[in-house]
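J.: Here it is, the structure in full.
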Amino acid sequence: MNKNQYYTYHDYEKSADFMRSRLKGYKPELLVILGSGLGDMAALAENATYIPYEEIPNFAVSTAPGHAGRFIAGTINGKSVLMMQGRLHLYEGWTPFEVAYPVRVAKILGINSMIITNASGGVNSSFKAGDVMIIDDFIRLCLENPLIGRNIDEFGERFCDMTYVFDKEYASLFEKVAIARGVTPKHGIYYFASGPMYETPAEIRAIRALGGDAVGMSTVHECIAAAHTGMRILGISVITNMAAGVTDEKLSGDEVIEAGKRISEKLSAIMADFIGKM
Ligand code: HPA
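Put into structure tokens, the structure is as follows:
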């Protein structure tokens, strides 16, 4: 899609109609976006229906490592869930409209809650690799924004409030169920960096000075679209590595995916508890 082209409400409806035809009366109530290396969480879904993105009209298809590229609709602890195994990133060349597209389709399907996960680098020096961070807020100091262009009033207001993007009740419930499984989550601010290169140590110092606790290449555009349309959001970031320059170690993409996988099983169990109780 051209950078200056925007989707119409009709485009989103067309995708939603196709999804409805594949879901055959099944009505998911929760969207779960799975981040790098966390795709294993998809195995939690019972009676799963798989819908590859490439079959859906108007859908862009993920190319990032660790991202499969399909929806999985199924039941987790009695809740009807629509999971995204694979998301789109700006660094793949997608526009923010494409990145946020599935969230708006989910809204048309009647979904009003979203769990969004990602892998990130720890900026806060009290964090360590393997930590789980509840996203309290985010910083997105880049031009790209899925709300630019003609406002689609069916989704939300032109000037959308962002005071409470992340739902406090969801955050405290997640914290409770995580602690019950032996994981004490951190809280922090997610700083969006476009990637695909990791940040420089000087950038990480700047991000820390600005108030970022973790840095990553996803999540914020989906959250903007979800907040615009009034969804309640739980944002969870897995600290897969300490960000550049926080330690003497160099960063590697393979290690990030491996670290995501290591925590994936535990996080899946916590998510299943959370979903059952929400
Ligand atoms: N920086 C940006 N994105 C990331 C990182 C990082 O250090 N780790 C995982 N995703």
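Quick note, the sequence shown lines up with residues 509 to 786 if you use our numbering. Even for Gly, the Cβ is constructed at its ideal location relative to N, Cα and C. Predicted model, so just to flag it, every value in this text is computed and none were measured.
Less than 6 Å separating the Cβ of G629 from some heavy atom of ligand 1?
T.: For ligand 1, at least one heavy atom lies less than 6 Å from the Cβ of G629.
J.: Measuring alpha carbon to alpha carbon, tell me which residue in P709, P704, Y706 and R716 is nearest G696.
T.: Comparing Cα positions, the closest option is R716.
J.: Tell whether a beta-carbon distance below 7 Å holds between G720 and I647.
T.: Going by C-beta atoms, G720 is nearer than 7 Å to I647.
J.: Does any heavy atom of ligand 1 sit closer than 6 Å to the C-beta of V685?
T.: False, no ligand heavy atom lies under 6 Å from that Cβ.
J.: Does DSSP classify H695 as helix, strand or coil?
T.: Correct three-state label for H695: strand.
J.: If I measure Cβ to Cβ from A576 and keep anything under 7 Å in the same chain, skipping five residues before and after, which residues do I get?
T.: Answer for A576: G547, Q593 and G594, listed in chain order.
J.: Below 6 Å, is the gap between the Cβ of N632 and the nearest heavy atom of ligand 1?
T.: Flag unset: Cβ of N632 not near ligand 1.
J.: Here's the rule: buried if 16 or more other CB atoms are within 10 angstroms of the residue's CB, otherwise exposed. What is F667?
T.: Classification for F667: exposed.
J.: For F700, tell me which candidate among H729, H518 and A551 has the shortest Cα-Cα distance.
T.: It is H729.
J.: Beta carbon of V728: closer than 6 Å to some heavy atom of ligand 1?
T.: Not so, every heavy atom of ligand 1 lies at least 6 Å from the Cβ.
J.: I'd like to confirm the pairing. Which residues does DSSP put opposite P560 in its beta bridges?
T.: Paired residue(s): R578.
J.: Ligand 1 heavy atoms versus the CB of T748: any closer than 6 Å?
T.: Checking the Cβ of T748 against ligand 1 gives yes.
J.: Just checking my contact of L775 with V640 at CB under 8 Å: how many whole Å lie between their CB atoms?
T.: At roughly 7 Å, the Cβ-Cβ gap stays under 8 Å, so L775 and V640 are in contact.
J.: For Y706, verify whether its CB is less than 6 Å away from any heavy atom of ligand 1.
T.: Within the cutoff, so yes.
J.: Could you give the distance in angstroms between the alpha-carbon of A550 and the alpha-carbon of N626?
T.: C-alpha separation (whole angstroms): 14 Å.
J.: Answer yes if the region 558-570 comes into contact with the region 524-538, meaning at least three C-beta pairs across the two stretches below 8 Å, and no otherwise.
T.: Touching, yes, given that three or more Cβ pairs across the two stretches are closer than 8 Å.
J.: Are there 16 or more other CB atoms within 10 angstroms of the CB of E757, so buried, or fewer, so exposed?
T.: Exposed, by the Cβ-count rule.
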